[in-house]
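Enquirer:
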């Protein structure tokens, strides 16, 4: 059974473990979630009864909202935010409830619709009625959920390595849900970290070592129990609120970007196959979507191939002739 559970780590849309073979952080002090070192300032706001952490570059630029993936936080956009806002975009990035510096109540529903509603409410609090929703992995499925339930709030979609295009049979979904319990997330052995995290990349670079250190030190805190609970609930939400059969209803102009060498999509343990096939199938089902595949790129494309991703997002935003405030 342990071998099966270790294989599940390849299924998760981002690595869930934390330790390094070459540099260990056992002796490092715990890192509270509130002390995560984002390279930009954050604010807190009460949204629909929960405290949500966010970044807002402010200004009158075209608004986009960045939604992170499973088990991550808004810090994963650190290689994108400066370039986007430098080009006149108003960038809002969020810590989803249960993640990062946001609150982590056990009472939260942790459904994708709940997340879409919460992000929409935050945008409304900031005076934004319509925005381009940019989501990575699970964040992409949340953005599609918003487009289905609240199309008036979604101007465009940018889906990076999105979850939601891949269909899972009932038995497959039940196994995934049961495999990634909160206890499993908490007790993932530290010696697995480098293999798990680097699996998100085509070619690992030591400048991303912060991913490993952050994960290890956060796991030393009591609040990590709530984070692990949120991860477990989110895995179930992605299975229960699937969108692969509803893609034809999404009318928003959509750009899908994915890495040719994504090791997590399609699910390598249950399905196998090529990422391109999954993405092409999803884009074909959408009435107003286009696909950009990046060669020699893994799942974490907003980090690994940030320059190409940033350029593609900006070009996609500029296709709207009514928008003239972006630098050329």
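Numbering (our numbering), first residue to last: -16 to 311. Positions of the beta carbon are idealized from the N, C-alpha and C atoms, including for glycine. Since this is a predicted model, take the numbers as computed values, not measurements.
1) For residue 272, which option in 249, 61, 230, 282 has the closest C-alpha, if you only look at C-alpha atoms?
2) If you count every other CB in all the chains shown that lies within 10 Å of the CB of residue 69, and 16 or more means buried, which is it?
3) Measure the beta-carbon distance from residue 256 to residue 249 and round it to whole angstroms, keeping in mind my assumption that it falls under 8 Å.
4) For residue 46, name the three-state secondary structure that DSSP assigns.
5) Cα separation between residue 24 and residue 177?
6) Short check: CB of residue 286 to CB of residue 59, under 8 Å?
7) Can you tell me where the alpha helix (DSSP H) holding residue 240 begins and where it ends?
8) Which residue marks the beginning of the alpha helix (DSSP H) containing residue 38, and which one marks its end?
9) To the nearest angstrom, how far is the alpha carbon of residue 71 from that of residue 300?
10) If we count Cβ pairs, one from each stretch, closer than 8 Å, do we get three or more for the stretch 33 to 49 versus the stretch 77 to 89?
11) Between the Cα of residue 224 and the Cα atoms of 98, 201, 182, 283, which residue gives the shortest distance?
12) Would you kindly work out how many angstroms separate the C-alpha atoms of residue 233 and residue 126, rounded to a whole number?
13) Say whether chain B places a C-beta atom closer than 8 Å to the C-beta of residue 29.
14) At what residue ranges does the stretch 161 to 203 contain a whole run of the alpha helix (DSSP H), taking only runs of 4 or more?
15) Counting C-beta neighbours from all protein chains within 10 Å, is the total for residue 267 16 or more, i.e. buried, or is it exposed?
16) Under DSSP, the beta strand (DSSP E) around residue 75 begins and ends at which residues?
17) Mind reading off the beta-carbon distance from residue 261 to residue 148? Whole number of angstroms is fine, and I expect it under 8 Å.
18) Please go through the same chain and pick out, in chain order, the residues whose beta-carbon is closer than 7 Å to the beta-carbon of residue 294, but skip the five residues on each side of it.
19) When DSSP builds the beta bridges, which residues end up paired with residue 300?
20) Give me whichever residues DSSP pairs with residue 27 in a beta bridge.
21) From residue 197 to residue 275, what does the alpha carbon distance come to, in whole angstroms?
Expert: Looking at the coordinates:
1) 230
2) Its Cβ having fewer than 16 others within 10 Å, residue 69 is exposed.
3) 5 Å
4) Taken through DSSP and simplified to helix, strand or coil, residue 46 comes out as strand.
5) 29 Å
6) Taking 8 Å as the cut-off, the beta carbon of residue 286 is found closer than this to the beta carbon of residue 59.
7) Careful: residue 240 lies outside any alpha helix (DSSP H), inside the beta strand (DSSP E) at 237 to 242.
8) Unbroken run through residue 38 is the beta strand (DSSP E), 33 to 39; no alpha helix (DSSP H).
9) Each residue's alpha carbon lies about 11 Å from the other.
10) Short answer: they touch.
11) 98
12) 11 Å
13) The displayed structure is made up of one protein chain only, and chain B is not part of it.
14) 165 to 170, 176 to 181, 193 to 201
15) exposed
16) 72 to 77
17) 5 Å
18) Same-chain partners within the cutoff: there are none.
19) Answer by DSSP bridge pairing: none, since residue 300 is not bridged.
20) Partner(s): 36.
21) 31 Å
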